[in-house]
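Counting along the sequence shown from 1, when you hit position 43 you're at 51 in our numbering, and nothing is skipped either side.
Written out below as structure tokens is the structure these notes cover.
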Amino acid sequence: MYDEINSWFGGRLPADWFTSTPALTVDRDEITVIGTLAVPDDAGDTDEARRAAEEGRIARFREQTREERIQMAREAERRFERKVAWGASCGDTSTVFTQVAAPVMTRLRQPERIVLDTLVDAGVARSRSHALAWCVRLVGQHSGDWLAELRAALSDVERLRSAGPDAAAS
């Protein structure tokens, strides 16, 4: 599904919006699109001036592209059955304009939901709530490396599943 979403946005996004391919993060609930904007040439000499110029560039992008982003988000939401969040980075400044907060005992943002979904998909937890409890118990115990390995293994499982005998029938 990620490849389809990535390809769709690659074809749908205007070529002049970003300086490089935007970063897409996808979970069961949301697609987050973060594109890189060109740093203003006259950004100033101090850190404060550069940051202000970067924030201004992001604010201008947000305002000037609002209607088009809303239309694209509606199309993507219908097609992929996920909400779409937008963000931009410019130099050292990065902003996500909006994000879904899905209820799971508390309201979590997409990066936290991806961790919980990985645990559920791998069978480590029965639900997001169970995965959250599991995470709390294991905070501080090399979870970052372990989750990366688990995601890689899930990619292999998905690849093998799609190449299986039922793949041609679907």
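Virtual Cβ for every residue (Gly too), placed ideally from N, Cα, C.
Nothing here was measured: the structure is a model prediction, and the numbers come from that model.
**Request:** Would you check if the distance between the CB atom of Arg159 and the CB atom of Asp35 is smaller than 8 Å?
**Result:** Counting from one through the sequence shown, the residue named residue 159 turns up at place 151. Counting from one through the sequence shown, the residue named residue 35 turns up at place 27. No, the Cβ-Cβ distance between Arg159 and Asp35 is not below 8 Å.
**Prompt:** Are the beta-carbon atoms of Ile66 and Thr101 separated by less than 8 Å?
**Reply:** Stepping through the sequence shown from its first residue, residue 66 is reached at position 58. Stepping through the sequence shown from its first residue, residue 101 is reached at position 93. Contact: yes.
**Asked** In angstroms, rounded to a whole number, what distance separates the CA positions of Leu168 and Ala139?
**Response** For this step, residue 168 is matched to residue 160 along the sequence shown. For this step, residue 139 is matched to residue 131 along the sequence shown. One C-alpha to the other measures close to 25 Å.
**Request:** Keeping to the same chain, check which residues put their C-beta closer than 8 Å to that of Met9; ignore five residues upstream and five downstream.
**Result:** Stepping through the sequence shown from its first residue, residue 9 is reached at position 1. Same-chain partners within the cutoff: Val34 and Phe88.
**Item:** Rounded straight-line distance, which links the Cα of Arg115 to that of Thr44
**Value:** Along the sequence shown, one-based indexing puts residue 44 at 36. Along the sequence shown, one-based indexing puts residue 115 at 107. Cα-Cα distance, rounded: 28 Å.
**Request:** Using beta-carbon positions only, say whether Thr106 and Ala96 come within less than 8 Å of one another.
**Result:** In the sequence shown, the residue the question calls residue 106 occupies position 98. In the sequence shown, the residue the question calls residue 96 occupies position 88. Contact: no.
**Request:** Kindly indicate the opening and closing residues of the beta strand (DSSP E) around Thr33.
**Result:** As a working mapping, residue 33 is identified with position 25 in the sequence shown. Segment Ala31 to Val34, the beta strand (DSSP E) holding Thr33.
**Asked** Which word fits Gln72, buried or exposed, when buried means at least 16 other C-beta atoms lie within 10 angstroms of its C-beta?
**Response** Indexing the sequence shown from 1 puts residue 72 at position 64. So Gln72 ends up on the exposed side.
**DSSP-derived helix/strand/coil call for Gly43** = By 1-based counting over the sequence shown, the position of residue 43 is 35. The answer is strand: DSSP assigns Gly43 an E or B state.
**Request:** Locate the beta strand (DSSP E) running through Val92, then write down its first and last residues.
**Result:** The residue you call residue 92 lines up with position 84 of the sequence shown. Its beta strand (DSSP E) spans residues Lys91 to Cys98.
**Asked** Measuring CB to CB, does Asp37 end up less than 8 Å from Val144?
**Response** On the sequence shown, residue 37 is found 29 positions in, with the first residue counted as 1. On the sequence shown, residue 144 is found 136 positions in, with the first residue counted as 1. No, the pair does not count as a contact, with Cβ atoms beyond the cut-off.
**Prompt:** Rounded C-beta distance between Ala57 and Pro48? I'm assuming under 8 Å.
**Reply:** As a first step, residue 57 must be located in the sequence shown, where it is residue number 49. As a first step, residue 48 must be located in the sequence shown, where it is residue number 40. Contact flag wrong, Cβ pair sits at about 10 Å.
**Message:** By the DSSP assignment, the beta strand (DSSP E) with Val104 in it spans what residues?
**Reply:** On the sequence shown, position 96 is the one that residue 104 refers to. Looking at the DSSP string, the run of the beta strand (DSSP E) that includes Val104 is Thr101 to Val104.
**Request:** Taking all protein chains shown into account, decide if Val123 is buried (16 or more other Cβ within 10 angstroms of its Cβ) or exposed.
**Result:** Indexing the sequence shown from 1 puts residue 123 at position 115. The residue is buried, with at least 16 neighbouring Cβ atoms inside 10 Å.
**Message:** Can you tell me whether Arg136 is helix, strand or coil according to DSSP?
**Reply:** Stepping through the sequence shown from its first residue, residue 136 is reached at position 128. Note: Arg136 maps to helix in three-state DSSP.
**Item:** Contacts around Leu162, its chain only, beta-carbon distance under 8 Å, and the 5 residues preceding and following it disregarded
**Value:** Within the sequence shown, the letter at position 154 stands for residue 162. Excluding sequence neighbours, Leu162 sits near Thr126, Asp129 and Ala130.
**Asked** So Ile42 and Ala51 are in contact, right, with Cβ under 8 Å, and what is the actual spacing, rounded?
**Response** Your numbering for residue 42 matches position 34 in the sequence shown. Your numbering for residue 51 matches position 43 in the sequence shown. Their Cβ separation, rounded to whole angstroms, is 20 Å, which puts Ile42 and Ala51 out of contact at 8 Å.
**Message:** The alpha helix (DSSP H) that contains Val128, what's its start and end?
**Reply:** Here residue 128 refers to the residue found at position 120 of the sequence shown. Note, Val128: alpha helix (DSSP H), Gln118 to Asp129.
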